[in-house]
Structures are given as structure tokens and as C-alpha cells.
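In terms of numbering that gives the first Met the number 0, the sequence shown opens at residue 0 and continues consecutively. Yeah, the Cβ is synthetic: ideal placement off N, Cα and C, and Gly gets one too. Structure first, then comments.
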Amino acid sequence: MILGIETSCDETAAAVVTAGGEIRANVVSSQAELHAAYGGVVPEIASRRHLELIVPVVREALERAGTTLDEIDSVAVTVGPGLIGALLVGVAAAKAIAWSRGLPLTGVNHLHGHVASLYLCPLGLEPPFTCLLASGGHTLLLDVADRTWEGVVVRGRTLDDAAGEAFDKGARLLGLSYPGGAEIDRLSREGDPAAYDFPVARVPGLDFSFSGLKTALLYAVRDLPPAQLEARRADLAASYQRAIVRALVERVEAAGNGRVAIVGGVAANSELRAALPDATAAPLPLCTDNAAMIASAARYTAPVPAGEYLALDAFASTP
Ligand code: KG4
Ligand code: ZN
0 MILGIETSCD
10 ETAAAVVTAG
20 GEIRANVVSS
30 QAELHAAYGG
40 VVPEIASRRH
50 LELIVPVVRE
60 ALERAGTTLD
70 EIDSVAVTVG
80 PGLIGALLVG
90 VAAAKAIAWS
100 RGLPLTGVNH
110 LHGHVASLYL
120 CPLGLEPPFT
130 CLLASGGHTL
140 LLDVADRTWE
150 GVVVRGRTLD
160 DAAGEAFDKG
170 ARLLGLSYPG
180 GAEIDRLSRE
190 GDPAAYDFPV
200 ARVPGLDFSF
210 SGLKTALLYA
220 VRDLPPAQLE
230 ARRADLAASY
240 QRAIVRALVE
250 RVEAAGNGRV
260 AIVGGVAANS
270 ELRAALPDAT
280 AAPLPLCTDN
290 AAMIASAARY
300 TAPVPAGEYL
310 ALDAFASTP
């Protein structure tokens with residue numbers, strides 16, 4: 000059994016996953032409410048909260064799995080990309096647990112983790128496939144040849160904001176609470192997606208761009224008197240969501256006609272899931288950050304043997 004730990008952003012998460020990809024426990028403690036007052040994640044607050052939560056969250060994962068550290072065979076932890084201070088809390092905790100038990104430790108790339116959410120039971124997707132990874136921090140179009148991170152090739156990426164970031168910034172402009180993706184998703188159901196003609200950026204190749212769309216929403220909101228904004232909020236949300244989903248779907252379709260999978264927080268979006276009916280979508284609880292996906296990725300990553308991981312470090316971004 001693998002104990003997975005994830006602290007790259009504002010979710011403190013621990014999971015117990017078997018070598019065969021069965022989830023025995025998947026505990027996620029979201030700090031979203033703590034950061035909502037600031038309209039986004041405050042890195043220093045995130046680190047401090049991870050420090051408070053990491054031990055109880057690991058304990059709860061073991062408890063829910065009906066197991067103890069005696070039965071854990073290896074530890075897996077997100078080493079990056081993410082907020083460096085937040086990552087270091089998870090890495091230090093994972094090292095301490097692994098060291099005290101003489102266990103191997105696997106450092107996992109967070110993006111590999113999102114892709115590996117597709118490899119857990121009962122889905123157990125087999126490569127090759129094209130993968131849209133859309134989250135708060137990343138928007139990537141990937142060619143996945145096998146289950147290792149080395150088997151993943153980036154074909155397209157965002158030139159500015161990530162899709163989830165576009166949702167969150169749009170939500171803020173509309174006066175919705177953080178994180179805004181799920182809020183826009185909900186409000187859009189009451190609105191007319193054709194009410195506003197928001198632009199879909201035309202960038203060459205398979206890259207994405209969302210900053211122009213955000214500006215278009217800013218102008219639309221700015222031109223409305225407050226009372227009007229209230230009345231048009233659902234229409235604005237639905238039109239904005241439609242533009243983001245169209246941009247994502249266009250690129251997926253341009254990537255070719257092979258099998259497609261969608262992962263990451265934005266893969267939870269109901270309109271995106273409906274717009275790609277033939278795609279394999281990560282199960283809803285595994286779209287947003289969690290530790291089960293990290294333990295899953297560890298199954299396809301070489302572990303560092305017991306005692307040799309003191310030099311294992313976190314990294315904020317991929318060069
Ligand atoms: O994967 P994730 O939990 O964290 C990162 O690795 O960034 O993704 C979080 C992002 C946030 O931007 C959030 O607004 C977005 O996923 N999100 C959604 C939905 N649920 C979460 N975006 C659109 N529709 C949703 N239903
Ligand atoms: Zn993520």
C-alpha cells in the first residue's frame with residue numbers, strides 16, 4: 000500500500016492506494032474558505048495551514064483505510080510544481096514518515112498526478128491518449144504514450160492564464176466567491192450562453208490564451224450599472240463559460256481524432272464534460288487536487304530507496 004501526500008496549493012490531502020490502483024482512503028481538507036476573504040490563495044497562509052493539518056489528515060486517511068503505518072509499503076509526495084512553501088510542508092512530512100519507518104519515498108510531479116487520476120480503479124485507462132489537463136495553475140494538451148511521466152509530451156500550453164484561473168478571475172469580476180469555477184458552472188445553468196459574444200482567442204498551433212476573454216468580461220461588466228449587473232449575472236457567466244469551453248474543445252479537436260481524456264479541476268465543469276461526450280473524464284472527486292492521484296502516479300515513478308532521500312527537494316515551477 001502507498002501513502003500519498005499532496006500539499007502543492009490550498010488542499011491538504013492524504014490517501015491510501017494499493018499497488019493495483021484501488022483507493023482505500025482519499026482525504027482532502029480544503030483551505031478555500033480561509034483564502035476566500037482575499038479572493039485567491041495567499042501562499043504564506045497556505046503553508047501555515049498545511050503545517051496544522053498535515054498530521055491529522057494523514058492520520059484520518061490511515062484510519063479511513065482501516066490501516067496503520069505498519070502496513071504501508073512506500074510513501075509518495077508531490078514535489079512540484081506548486082507553491083514552494085506549501086510543497087515543503089508535504090515533502091518534510093513525507094520524509095519524516097518514510098525515514099522513521101525505513102520506507103522508500105517517491106517524489107511525484109503534480110501534473111503527472113493529474114494524468115494518473117485516470118489510472119485508478121475502476122477507470123484504469125490505458126494509454127495512448129490525448130489528455131487535456133486544465134486546472135487553476137495549468138492548461139496543457141498532452142500526448143500520453145505510457146503511464147510514466149517520461150511518456151508524456153506537451154503539445155500545447157496556455158500563453159497566459161490557465162483555464163481555471165480564467166474561471167476564478169471571471170468569477171471575481173462577477174462578484175462570485177473564490178474559487179469561482181464551480182460557482183460559474185452553477186450560475187451558468189440559469190443563464191443564456193448566447194447573450195454575450197465573448198471572443199475565443201486565435202493563437203497558432205495547439206496553444207491556449209485566456210487573457211483577452213477576461214478583458215472582454217471586464218469591459219462588459221464595467222459598462223453595466225449595478226442593478227443591471229445583478230440582472231445579467233447569469234447570462235454573463237453562461238456566455239463566459241461557453242467561450243472557455245469552446246476554446247478548450249477547439250484545441251482538443253485540432254489535436255487529432257484519437258482517444259481523449261480530460262483531467263484537472265476544470266474537468267469537473269459540466270459544460271466541458273457535456274461538450275466532449277466521447278472523452279474519458281476523471282471522476283469528479285479526482286478532478287480537483289487530491290492525494291490518491293499522487294499515489295497513483297507513484298506506481299509509475301522510480302522511488303528513492305529508504306534513507307537516501309534527504310536531498311529530495313521541492314520545486315516551484317518546471318524550467
Ligand atoms: O486541479 P485543481 O484543484 O488545482 C490546481 O492544480 O490548480 O484546479 C482548481 C481549479 C480552480 O481554478 C477552480 O475554479 C477550477 O479548478 N474548477 C472548476 C470547476 N471546479 C473547479 N472550473 C470550472 N468548472 C468547475 N465545475
Ligand atoms: Zn492540480
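Runs of beta strand (DSSP E) with 3 or more residues, each lying fully within the stretch 82-154, are found at 104-108, 128-133, 138-143, listed in chain order. Contact between A13 and G3 is confirmed by a C-beta separation of about 7 Å, below the 8 Å threshold.
Shortest Cα-Cα distance from G190 to any of Y299, E182, F197, A233 involves A233. Between the alpha carbons of G264 and P225 lies a gap of roughly 31 Å.
With a threshold of 16 other beta carbon atoms within 10 Å, R221 falls short and is exposed. Beta-bridge pairing by DSSP links G3 to A14, A75. Checking the 7 Å criterion, the Cβ of H49 is out of range of every heavy atom belonging to the ligand ZN. Proximity of the beta carbon of G38 to the ligand ZN is not indicated: no heavy atom of the ligand is located closer than 7 Å.
Taking H111 as the centre and dropping the five residues before and after it, the same chain places the C-beta of W148, A296 closer than 6 Å to its C-beta, in chain order.
The Cβ atoms of R250 and G155 lie closer than 8 Å to each other. Under the DSSP definition of a beta bridge, V259 partners with T129. Take the alpha-carbon of T279 and the one of L33: they are about 33 Å apart. Rounded to the nearest angstrom, the gap between the Cα atoms of E307 and R23 is 28 Å. In the three-state reduction of the DSSP assignment, T67 falls in the coil class, being assigned neither a helical nor a strand state. Assigned with DSSP and collapsed to three states, F197 falls in coil, not helix or strand.
A check of alpha carbon separations from A290 across E21, V27, D9, R100 identifies V27 as the nearest.
Distances from the alpha-carbon of R272 to those of L247, M292, I293 put L247 closest.
Residues whose Cβ lies closer than 5 Å to any heavy atom of the ligand ZN, listed in chain order: S134, D288. Runs of the alpha helix (DSSP H) lying entirely within the stretch 229-305, each at least 4 residues long, are 269-274, 283-286, 291-297 in chain order. Shortest gap from the CB of F314 to any heavy atom of the ligand KG4: 7 Å or more.
By alpha-carbon distance to F128, the top candidate from T157, E252, L212, A215 is E252. Beta-bridge partners of T157 (DSSP): F207.
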